[in-house]
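Under this note's numbering, think of the first position of the sequence shown as 3, with each following residue one higher. Quick notes on the structure that follows.
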Amino acid sequence: MAYKKNVGRQDALYLKQDIVFGDVPTAGEYELANLPEGACVLSGHIYTSSGADATGTITLTVEDKDGNAVDTLSGALDVTAVGIDAITPTGETYSVPSFIKGTTNVDFTQGAFELVVGYIVEGRACVSEG
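This is how it looks when you write it as structure tokens:
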């Protein structure tokens, strides 16, 4: 069988979700953003714009619509100081609609961050180069 080039091209999609810790005040798990079927995360970060009031962290994972873990995007990220922490994509393509889950380990009452994630969707093309 002859090799066939993929001539389809697509722009990366980006999601940006602002999180205020007063909206998620207790330690636990929170659905932060949805990802469509076929999504593959390319890059991303958490930008802490206002440090949290308690010493704690947030961990980012991806779960499918049934709550099964399918990927890990970060270890424990410090959200007590202003700054940027990169996430670590694995190249996993999610076969079903999924969501990014944030897990916090302490109760926060103030602070804010934004989650930015760049991804593509398998099988999608907006232009052809061929």
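We put the CB at the ideal spot given by N, CA and C, even for glycine. Please read these numbers as outputs of a predicted model, since none were measured by experiment.
Please report the distance separating the alpha-carbon of residue i from that of residue j.
i, j, result
"alanine 78", "methionine 3", "46 Å"
"valine 123", "glycine 40", "5 Å"
"valine 81", "glutamine 12", "33 Å"
"aspartate 68", "glutamate 31", "15 Å"
"glycine 125", "glutamate 94", "14 Å"
"phenylalanine 115", "lysine 6", "44 Å"
"valine 22", "asparagine 8", "42 Å"
"isoleucine 89", "serine 76", "5 Å"
"asparagine 70", "phenylalanine 101", "10 Å"
"serine 97", "tyrosine 121", "14 Å"
"threonine 61", "threonine 111", "18 Å"
"aspartate 66", "glycine 10", "27 Å"
"lysine 18", "glutamate 33", "14 Å"
"alanine 1", "asparagine 107", "Summary: the structure shown does not reach residue 1, with the chain confined to residues 3 through 132, and so no result is reported for it."
DSSP beta-bridge partners for residue i?
i, result
"isoleucine 89", "Answer is none; isoleucine 89 lacks a bridge partner."
"threonine 28", "The partner list for threonine 28 (beta bridge, DSSP) is empty, contrary to what the question assumes."
"alanine 114", "Val22, Ser52"
"tyrosine 16", "Gly120"
"leucine 34", "Answer is none; leucine 34 lacks a bridge partner."
"arginine 126", "Answer is none; arginine 126 lacks a bridge partner."
"lysine 134", "Nothing in the structure corresponds to residue 134, since the chain is present only between 3 and 132."
"glycine 10", "Ser130"
Would you say residue i faces chain C, with C-beta separation under 8 Å as the test?
i, result
"glutamine 112", "Here chain C cannot be found, since the structure has a single protein chain."
Looking at residue i: is its Cβ nearer than 8 Å to the Cβ of residue j?
i, j, result
"serine 52", "glycine 104", "no"
"valine 119", "tyrosine 49", "no"
"alanine 56", "aspartate 20", "no"
"lysine 99", "proline 38", "The displayed chain sequence assigns proline, not lysine, to residue 99. Yes; because the gap between Cβ atoms is below 8 Å, this pair is in contact."
"threonine 59", "threonine 74", "no"
"alanine 14", "leucine 117", "no"
#### Entry: Any beta strand (DSSP E) of 3 or more consecutive residues that is wholly inside the region 41-87
41-52, 59-66, 71-74
### Message
Closer than 8 Å is the cut-off here; do at least three beta carbon pairs connect the region 68-86 with the region 123-132?
### Response
no
### Query
Taking one C-beta from the region 41-55 and one from the region 24-32 each time, how about it: are there three or more such pairs within less than 8 Å?
no
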